[in-house]
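**Student:** Chains as they are written, first to last, in the working numbering: chain L, 1 to 300; chain D, 1001 to 1301.
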């Protein structure tokens, strides 16, 4: 038995406000057209389970995807991506802390963030968020700088200040000030290795577009295959009640609730001259004959 | 990213009931289905939940209930320790908050802009229990009464550091002796003068003179002592022990959970024999382990 160990994976209790959901649909695996992703509102389709002993407390981990049949009611493959919410914004400036010139960071203007997301930029709330960068020149190429990201390690409201006299550091200096509208974020990695002191890792440029993403849960992709038949429906054909109307040749298969599941016309194809039977046919009947209700037939 | 595959049968959501309301007679008198009837859903997957009679099922609010395909998921978060942060002073908001936000929890909110330190104050937490009368000897005076029992003098400080620490009796009567260990002498003086009604600092012991406890220690040896209760008031959080700082991350401390301790193992062997060098080296050895570890194992090798 191990002692002193602790787990590093926990059930997520993320708010649905911090989640994004995308889905795509393809009727078969062989489709060659491009995948078209559409968004779903997490507040409508992702329901967290509550602790049964404390109803106002989220249980953690367990979430139910409630997919509307109006969208997901077609036979085929639905790929659903559930990922942390992304915030797109612009780096206001880059600089250092005024009394810690080796601590570099990037600054955001809280007022440039939409009102509903501003609370995430308050002191300490961005810790653990991931920053990804967009190219500064737009074009036909990929706009996102691939395979490059930084993690925010702290954030505080801060005011840009002139460097102290005699300080040759050209970077903008910041001092923590709760009255400021800009937020100074430290990131990792942002320090130069000791063997190459000038190789300071890239953390962004002023005016550069970035994507900020929370790390409150690990993203998942769910592929849901919508099918017409499963073990249960096959069991209808094998084990459920059935009737064969001798008068009109209607063959009815019922589900386990004795509701009409399928109806077929049974008939023979005969040679028109000799009358010799050629085929016995079972043909699916799409207009249901309601008089073949099982309870009505057997209630005598 | 985790990849999860699920399969759902659409038959589970397909309506198979045929309400009597949708049945009509055709021109030949045969019973058929009126497919234009709004209650006819046979073979369809409706957008809203319907019952066997073709009626929409309504929520208590009177609204139709969306028909959904439910899939349960288990979301997880991989966590890692970022290590210690560094404190730094900050300029507080010019117009601080007067009232705590509803449900304010200092542990959840961290440093809320505009929140004064008073939002983080916490009431006293009092710890109580019982123990033996071992501390009573520390607070007795040197005098003895006619029965050769020690005399307990209220407010006589018996600690070694009377300027900073009060160890002594608060009250003594025929039933019990109440005394403090580790109290603040100024607070005790204020209590003695009647300025305050309670001494919160230190641990308060109450030893009862007529109540004995008989028990056994962990080795089975009989023990007996006067029943003694103790009470410790940690004082809670207030202006004396709470201050607000901004915290930021120095990258060299990433993943480090305590401040680094520098231990030098560098030793320069000059290659010149010094008659005192061997003695100097040995003088640094305090334990046998030092033979292996001193100066990076120099002596051991």
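All residues carry an ideal CB built from backbone N, CA and C; glycine is no exception.
Contact criterion: CB-CB distance below 7 Å. Does residue 1208 (chain D) meet it with respect to chain L?
**Tutor:** no
**Student:** Rounded to the nearest angstrom, how far is the Cβ of residue 1076 (chain D) from that of residue 61 (chain L), given a contact under 8 Å?
**Tutor:** 7 Å
**Student:** Give the secondary structure of residue 1013 (chain D) by DSSP, where H, G and I count as helix, E and B as strand, and everything else as coil.
**Tutor:** helix
**Student:** Taking three-plus beta-carbon pairs below 8 Å as touching, is the segment 1071-1091 of chain D in contact with the segment 1229-1249 of chain D?
**Tutor:** yes
**Student:** Using a C-beta to C-beta distance shorter than 7 Å, which residues of chain L count as neighbours of residue 1120 (chain D)?
**Tutor:** Residues of chain L passing the Cβ test: none, with the nearest at roughly 14 Å.
**Student:** For residue 1018 (chain D) and residue 1045 (chain D), what's the separation of their Cα atoms in angstroms?
**Tutor:** 14 Å
**Student:** Is any beta-carbon of chain L found at less than 7 Å from that of residue 1019 (chain D)?
**Tutor:** At a cut-off of 7 Å, the C-beta of residue 1019 (chain D) has no neighbouring C-beta in chain L.
**Student:** With H, G and I counted as helix, E and B as strand and the rest as coil, what does DSSP make of residue 208 (chain L)?
**Tutor:** coil
**Student:** Check the DSSP bridge columns for residue 1122 (chain D) and list the partner residues they point to.
**Tutor:** The partner list for residue 1122 (chain D) (beta bridge, DSSP) reads D:1237.
**Student:** Say whether the segment 1196-1216 of chain D touches the segment 1123-1139 of chain D, bearing in mind that this needs 3 or more beta-carbon pairs closer than 8 Å, one atom from each stretch.
**Tutor:** yes
**Student:** Are the segment 269-276 of chain L and the segment 245-255 of chain L in contact at 8 Å, needing three or more beta carbon pairs?
**Tutor:** no
**Student:** First and last residue of the beta strand (DSSP E) that includes residue 217 (chain L)?
**Tutor:** From DSSP, residue 217 (chain L) is part of no beta strand (DSSP E); its letter is neither H nor E.
**Student:** Tell me the DSSP secondary structure of residue 1066 (chain D) in three-state form.
**Tutor:** strand
**Student:** Report buried or exposed for residue 1193 (chain D), applying the criterion of at least 16 other Cβ atoms within 10 angstroms of its Cβ.
**Tutor:** exposed
**Student:** Would residue 261 (chain L) and residue 281 (chain L) be called neighbours here (beta carbons separated by less than 7 Å)?
**Tutor:** no
**Student:** Name the two residues that bound the continuous alpha helix (DSSP H) containing residue 296 (chain L).
**Tutor:** 294-298
**Student:** Give me the residue from L:99, L:120, L:45 with the minimum Cα distance to residue 361 (chain L).
**Tutor:** The displayed coordinates of chain L run from 1 to 300. Any statement about residue 361 (chain L) would go beyond what the structure contains.
**Student:** Along the alpha helix (DSSP H) that carries residue 234 (chain L), what are the first and last residues, could you check?
**Tutor:** Judged by DSSP secondary structure, residue 234 (chain L) falls within the alpha helix (DSSP H) whose first and last residues are 231-239.
**Student:** Are the segment 1116-1126 of chain D and the segment 1093-1106 of chain D in contact at 8 Å, needing three or more beta carbon pairs?
**Tutor:** Because the criterion of three Cβ pairs below 8 Å is met, the segment 1116-1126 of chain D and the segment 1093-1106 of chain D touch.
**Student:** When the Cα atoms are used, what is the spatial distance from residue 1050 (chain D) to residue 242 (chain L)?
**Tutor:** 26 Å
**Student:** Below 8 Å on C-beta distance, what does residue 955 (chain D) contact in chain L?
**Tutor:** Since the first residue of chain D shown is 1001 and the last is 1301, residue 955 (chain D) is not available in this structure.
**Student:** Does residue 107 (chain L) get closer than 7 Å to chain D when you measure Cβ to Cβ?
**Tutor:** no
**Student:** In chain L, which residues lie less than 8 Å from residue 1039 (chain D) when you measure between Cβ atoms?
**Tutor:** Under the 8 Å cutoff, chain L gives no residues; its nearest Cβ is about 13 Å from residue 1039 (chain D).
**Student:** In the DSSP assignment, find the unbroken alpha helix (DSSP H) run with residue 1185 (chain D) in it and report its ends.
**Tutor:** 1185-1193
**Student:** Buried or exposed for residue 205 (chain L), please, with buried defined as at least 16 other CB atoms from any protein chain shown within 10 angstroms of its CB.
**Tutor:** exposed
**Student:** What residues in the segment 1039-1059 of chain D have a beta carbon less than 8 Å from any beta carbon of chain L?
**Tutor:** Answer in chain order: 1042, 1043, 1045, 1046, 1047.
**Student:** With a cut-off of 7 Å, does the C-beta of residue 66 (chain L) fall near any C-beta of chain D?
**Tutor:** yes
**Student:** Whole angstroms is fine: what's the gap from residue 123 (chain L)'s alpha carbon to residue 155 (chain L)'s?
**Tutor:** 6 Å
**Student:** CB residue 145 (chain L) to CB residue 187 (chain L), shorter than 7 Å?
**Tutor:** Against a cut-off of 7 Å, the Cβ pair of residue 187 (chain L) and residue 145 (chain L) comes out as no contact.
**Student:** Pull up the CB-CB distance for residue 227 (chain L) and residue 1010 (chain D), whole angstroms please, since I reckon it's below 8 Å.
**Tutor:** 7 Å
**Student:** Measuring alpha carbon to alpha carbon, tell me which of L:107, L:30, L:116, L:180 ends up nearest residue 171 (chain L).
**Tutor:** L:107
**Student:** Taking the alpha-carbon positions, what's the residue 1196 (chain D) to residue 1187 (chain D) distance?
**Tutor:** 8 Å
**Student:** Just the C-alpha distance for residue 211 (chain L) and residue 1013 (chain D), rounded to the nearest angstrom, thanks.
**Tutor:** Cα to Cα, the separation comes out at about 40 Å.
**Student:** Can you tell me where the alpha helix (DSSP H) with residue 44 (chain L) in it begins and where it stops?
**Tutor:** 42-45
**Student:** Anything in chain D within Cβ reach of residue 61 (chain L), meaning under 7 Å, just list it in chain order.
**Tutor:** Around residue 61 (chain L), the beta-carbon contacts reaching into chain D at under 7 Å are 1074, 1075, 1076.
**Student:** Can you give me the C-alpha to C-alpha distance between residue 219 (chain L) and residue 12 (chain L), rounded to a whole angstrom?
**Tutor:** 11 Å
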